[in-house]
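Per the working numbering, residue 1474 is the first one in the sequence shown, and the count goes up by one each step. Even for Gly, the Cβ is constructed at its ideal location relative to N, Cα and C.
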Amino acid sequence: GIIELVDAFSQLNKKSETETKLLLVGDFEERNSLPKHMIEKIRNNKNIITTGFIFQNIEYYYALMNIFILPSYREGFGISVLEASAMQIPVLTTRATGCIDSIIEDVTGKFIANDSNSIANAIEFYINNPLIAKEHGKNGREFVIKYFDQKIIWQEIEKLYD
């Protein structure tokens, strides 16, 4: 979904009076690599920041975000979505297998289709509604604490093994 995300970001920057930044955290995949023209588009846009592989201190990158977006076509379970929610960041993600259980629609985030218009509209919604974005972020943290505490997860895994 990086292509759609970058296209959505380009759409927003063309029509917005405020300058936004896109922070792409992680390496470019080699197995499902982006087309060369897209990599160049990313590298040549001064408003797109790429981090490369992040091994530790990921919380500092989350702290820079106003919205977390995971436009995945496939996902195991969206741990990054839970991490963002724990940092009180509203989440935009797709209904890909693992992501569908990582947010509560219109409570902790919003589901997006994997197309640039859907992504751009959802980003614009949060930009234009900062109080809702803040509320969804706060709700996201509560959701993670209530349902994804390590002790709860460990107990469930133990039950599964038994």
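### Query
Helix or strand or just coil, what does DSSP make of E1548?
coil
### Task
Find out if the Cβ-Cβ distance for the pair I1542, I1592 is shorter than 8 Å.
yes
### Task
Closer than 6 Å by C-beta to K1583: which residues in its own chain qualify, once you throw out the five before and the five after it? Chain order, please.
Scanning its chain for C-beta atoms nearer than 6 Å, with the 5 sequence neighbours on each side dropped, one finds around K1583 the residues L1565 and A1595, in chain order.
#### Entry: Spatial neighbours of R1516 in its chain, beta-carbon cut-off 8 Å, leaving aside the 5 residues before and after
T1523
### Query
So L1485 and E1597 are in contact, right, with Cβ under 8 Å, and what is the actual spacing, rounded?
6 Å
### Query
If you drop the 5 nearest sequence neighbours on each side, which residues of the same chain put their C-beta closer than 7 Å to that of K1494?
N1520 and I1522
### Query
Can you name, in chain order, every residue of its own chain whose Cβ lies under 6 Å from the Cβ of Y1534, other than the five neighbours on each side?
V1498
### Task
Starting from E1578, follow its DSSP beta bridges and name the residues at the other end.
G1582
### Query
Hey, would you say T1581 sits closer than 8 Å to N1612, going by beta carbons?
In terms of Cβ geometry, T1581 and N1612 form a close pair [threshold 8 Å].
#### Entry: Three-way DSSP call (helix, strand, coil) for I1522 in this model
In the structure shown, I1522 sits in a strand (DSSP, three-state: E or B).
### Nearest to F1550 (by Cα), restricted to the options P1603, S1489, I1573 and A1586
Selected option, being the one with the closest Cα: I1573.
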